[in-house]
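There are 2 protein chains.
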Amino acid sequence: MTTQGSSARAERLFELLSRGSSSSCLITDLSDIRWLTGFSGSHAWLITHANKMFLITDGRYTEQARAEIATHQANVDVVECRTQAAMISTTKSLTLGASAIQFQDSSMSHQLFCLLQGELGNSLVPLDASSKFLRRIKDDQEIKLIESACLIADQALTQCRGLLSQGLTESDIRDELDYTMRKLGADGPSYDTIVASGPINAARPHHHPTATKIENGHTVIIDVGALVAGYHSDMTRSFVIGPMNAEQSEFYEAVQTAQQAGVATCRPGVLASEVDAACRKVLSEAGLDQYFTHGTGHGVGLQIHEEPFINSSASVILQPGDVVTVEPGLYRGGFGGFRVEDLVVITEHGCRILNTSPKDPTCPPLQLTT
Amino acid sequence: MTTQGSSARAERLFELLSRGSSSSCLITDLSDIRWLTGFSGSHAWLITHANKMFLITDGRYTEQARAEIATHQANVDVVECRTQAAMISTTKSLTLGASAIQFQDSSMSHQLFCLLQGELGNSLVPLDASSKFLRRIKDDQEIKLIESACLIADQALTQCRGLLSQGLTESDIRDELDYTMRKLGADGPSYDTIVASGPINAARPHHHPTATKIENGHTVIIDVGALVAGYHSDMTRSFVIGPMNAEQSEFYEAVQTAQQAGVATCRPGVLASEVDAACRKVLSEAGLDQYFTHGTGHGVGLQIHEEPFINSSASVILQPGDVVTVEPGLYRGGFGGFRVEDLVVITEHGCRILNTSPKDPTCPPLQLTT
Chain A
73 MTTQGSSARA
83 ERLFELLSRG
93 SSSSCLITDL
103 SDIRWLTGFS
113 GSHAWLITHA
123 NKMFLITDGR
133 YTEQARAEIA
143 THQANVDVVE
153 CRTQAAMIST
163 TKSLTLGASA
173 IQFQDSSMSH
183 QLFCLLQGEL
193 GNSLVPLDAS
203 SKFLRRIKDD
213 QEIKLIESAC
223 LIADQALTQC
233 RGLLSQGLTE
243 SDIRDELDYT
253 MRKLGADGPS
263 YDTIVASGPI
273 NAARPHHHPT
283 ATKIENGHTV
293 IIDVGALVAG
303 YHSDMTRSFV
313 IGPMNAEQSE
323 FYEAVQTAQQ
333 AGVATCRPGV
343 LASEVDAACR
353 KVLSEAGLDQ
363 YFTHGTGHGV
373 GLQIHEEPFI
383 NSSASVILQP
393 GDVVTVEPGL
403 YRGGFGGFRV
413 EDLVVITEHG
423 CRILNTSPKD
433 PTCPPLQLTT
Chain B
73 MTTQGSSARA
83 ERLFELLSRG
93 SSSSCLITDL
103 SDIRWLTGFS
113 GSHAWLITHA
123 NKMFLITDGR
133 YTEQARAEIA
143 THQANVDVVE
153 CRTQAAMIST
163 TKSLTLGASA
173 IQFQDSSMSH
183 QLFCLLQGEL
193 GNSLVPLDAS
203 SKFLRRIKDD
213 QEIKLIESAC
223 LIADQALTQC
233 RGLLSQGLTE
243 SDIRDELDYT
253 MRKLGADGPS
263 YDTIVASGPI
273 NAARPHHHPT
283 ATKIENGHTV
293 IIDVGALVAG
303 YHSDMTRSFV
313 IGPMNAEQSE
323 FYEAVQTAQQ
333 AGVATCRPGV
343 LASEVDAACR
353 KVLSEAGLDQ
363 YFTHGTGHGV
373 GLQIHEEPFI
383 NSSASVILQP
393 GDVVTVEPGL
403 YRGGFGGFRV
413 EDLVVITEHG
423 CRILNTSPKD
433 PTCPPLQLTT
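So the sequences go chain by chain: A and B.
According to our numbering, the first sequence is numbered sequentially starting from 73.
According to our numbering, the second sequence is numbered sequentially starting from 73.
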């Protein structure tokens, strides 16, 4: 959680490479490339060889890449290639003499792997499995950006939640949330904003907003985050329109308690699976765990879903600088659903919650017009 | 371009499989899965074996998958798996007895390939290279959805283009375009809407909108499309704020003429590279081709960029039902840039332009307040 410049990030990469058989590598994960160089375009490879870094991109991005790399204060040369064949032959000439090239087997297609293996003289060796944790521990600058993104989503929900009682559709609410986040300074939503209402849609954890009208008695799930300088936020709140019935109260109480139990477990040295277990235990004691059909959380940064993942089999140990969601939910067709989610950063002795949206699920009933 | 149901789409897949060594396959490209089954979630594998199709997805999507498959009238069984290990063992049991499994080497990571190769008893064989053309020829239903998406982007630009002369920023214009498209019925923008203004930003073909104010004398590129039921549109118009100078007129004239020449070349039987060459010839004769730094176009459908691609080395022959962009541009740092783009569908004897936005680049000058 210390402030780190681009050179500290390059050091993390070189340290990772030192565990492998070669100091030369080909980075194809665009988020890793952005983290290392500042380049935000949609097409690039990053080569390291003989302690130098090269970014290969196409003509759409050459000028942008040079400017972004300068802003990021990264020490990277930009090479323009207009075809994949040119990218491969450039890779070949930039890595001449390398005994092997380490590559990212989870972000390279099998097709490209076979092509490169045929064309390059050097052998291709997968980077150590820990490479997927390269960006995991966030520095102060990253945490600030994620906090800004959280604040924007919180403010947007505050401004828009009154709309839930105005007879609008799921899509309407989504549109206003996304527009409001941008007016508050976001580059956009951090993922497809979820507004899920009623007995069918709210029972689908990843529902896509539709023209379904939000009605009295509906459970409503709103899952919303903002994007700020490439960094994501992720937050969910759940609501009931008008008076809650007994079953809704029972389900909501269980989810909120489970979420608090999960957050209370978040501290350095804890297994990610223990956070999942803490949530599941509450829901199990309420006799509702069969309706919790997904994992408890995931890391958030330049990707909306990244390491460390929090589920029943996650063997990762939480560390200071991890930024993760805690988001248990309950879903049942015919009933609807609830999910409560905060983004937290692991600190030296526990965790800090980055969202501030209140968790009161009650909304005024719709005024029925005649 | 005939109307086809999901069974006709499955037929296309089975025909493709018949060219390989096995009728069993594992489809991992989510757009192919949506095209075949209607499933729109973010995580699934599709298995075909012994003339049956199975969709494997996780607990977030089980209910949604069943509903979407029913709406699509596809004949697919849904299997829920909560972990990747469960997905692999389910794949193994669903394909028992298959001599080999065909897979998509361009949409499967090398890591997953190695994992599957170790776990499955059957050998993995890449699908024929033509598999990337599976969704290429659009049926009537698909063309209608793409036309709706084009119409929405055209209408949004009509409603918003007056804002260019009001002293707003690139981001402001982007925000209004995206919001307007949704109010007109889009699920959202079809890609990150581009608003690029002035000597630096408009010189970057894939610029991301910033707080840069749009000023008199600026060239402005707006690249905007809508998303409708998973189908994309893609259109670009370029503008000058206030009177155009001689160089701006020269560049704009060249781009617009090149774009017309490209569209005029679009018909069945033509090589995609000929469309690219037609655009490039106009720009070359104007002495400006060094500023055209990208390919001429690409197919559009369930993906914003898909086959057939249109560039100088494209050996694809255009066919009725291809939906492609034609989008030459000129970019020079210090000057800015222009791009003009329409989406066209190849018909029996030529092509039909799907966008209707006028190509007049002139905008009133900003009213300077004191």
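Heads up, the beta-carbon is just placed ideally off N, CA and C, and yes, glycines get one too.
Being a predicted model, the structure only gives us computed values, none of them experimental.
- If you draw a straight line from the Cα of B:GLY169 to the Cα of B:ILE119, it is about 14 Å long.
- Using a 10 angstroms sphere on the CB of B:GLU420, the tally of other CB atoms stays under 16, which defines it as exposed.
- Taking B:THR129 as reference, the option from B:ALA146, B:ALA283 and B:THR155 with the minimal CA-CA separation is B:THR155.
- The Cβ of B:TYR251 sits closer than 8 Å to at least one Cβ of chain A.
- In this structure, B:ILE286 lies away from B:ALA258, with their beta-carbon atoms at least 8 Å apart.
- Annotated three-state conformation of A:LYS431 is coil, per DSSP.
- Sixteen is the threshold: when 16 or more other Cβ atoms of the shown chains lie within 10 Å of the Cβ of A:GLU379, as they do, the residue is buried.
- About 10 Å separates the Cβ atoms of B:ILE245 and B:ILE266, ruling out a contact at the 8 Å cut-off.
- Neighbours of B:MET307 in chain A, taken as residues at a C-beta separation under 8 Å, are lacking, since the least C-beta distance is about 17 Å.
- Along the segment 93-116 of chain A, the positions whose C-beta sits under 8 Å from a C-beta of chain B are SER112, GLY113 and SER114, read in chain order.
- Residues of the segment 148-175 of chain A whose Cβ lies closer than 9 Å to any Cβ of chain B, in chain order: GLU152, ARG154, THR155, ALA157 and PHE175.
- Linking B:LEU236 to B:LYS164 through their CA atoms gives a straight-line distance of about 57 Å.
- Using a CB distance cut-off of 8 Å, B:MET316 does not count as an interface residue toward chain A.
- For A:TYR133, the nearest beta carbon of chain B is closer than 8 Å to its own beta carbon.
- Judged by pairs of C-beta atoms under 8 Å, the segment 216-223 of chain A touches the segment 297-315 of chain A, as three or more such pairs exist.
- Residues of chain A whose Cβ lies closer than 7 Å to the Cβ of B:GLN238 do not exist; the shortest such Cβ separation is about 16 Å.
- Scanning its chain for C-beta atoms nearer than 6 Å, with the 5 sequence neighbours on each side dropped, one finds around B:SER179 the residues THR100 and ASP101, in chain order.
- Going by DSSP, B:ILE105 is part of the alpha helix (DSSP H) stretching over 102-109.
- In this structure, the straight-line span from the alpha carbon of B:MET253 to that of A:GLN328 is close to 36 Å.
- Within the segment 204-239 of chain A, the complete alpha helix (DSSP H) runs of at least 4 residues fall at 212-232.
- Residues of chain B whose Cβ lies closer than 9 Å to the Cβ of A:MET180 are, in chain order, SER181, HIS182 and GLN183.
- In terms of Cα proximity to B:ALA274, the closest of B:TYR251, B:GLN238 and B:ILE313 is B:ILE313.
- Contact of A:ALA275 with chain B by beta-carbon distance below 7 Å involves GLU135.
- By the criterion of at least three beta-carbon pairs nearer than 8 Å, the segment 193-208 of chain A is not in contact with the segment 187-200 of chain B.
- Residue-level contact check: B:ARG254 touches chain A, since one or more beta carbons of chain A fall below 8 Å from its beta carbon.
- Close to B:HIS280, with beta-carbon spacing below 8 Å, are these residues of chain A in chain order: SER112 and ASP259.
- Closest in C-alpha terms to A:GLY406, from the list A:GLY270, A:LEU440 and A:THR284, comes A:GLY270.
- Taking the CA atoms as reference points, A:TYR263 sits about 9 Å from A:SER305.
- The Cβ atoms of A:ASP394 and A:GLY367 do not sit closer than 8 Å to each other.
- In terms of CA proximity to A:SER429, A:MET307 leads the group A:GLU346, A:MET307 and A:SER161.
- Under the Cβ criterion (8 Å, minimum of three pairs), the segment 411-427 of chain A counts as touching the segment 336-348 of chain A.
- Within the same chain, THR337 come within 6 Å of B:GLU346 by CB-CB distance, once the 5 residues on both sides are set aside.
- Measuring C-alpha to C-alpha distances from B:GLU322 to each of B:HIS182, B:GLY401 and B:GLU242 identifies B:GLY401 as the nearest.
- Chain B has no Cβ within less than 8 Å of the Cβ of A:HIS421.
- Listed along chain A, no residue sits closer than 8 Å to B:SER269 by beta-carbon distance, the nearest being about 15 Å off.
- For A:PHE111, the closest of A:ALA142, A:LEU89 and A:GLY408 by C-alpha to C-alpha distance is A:ALA142.
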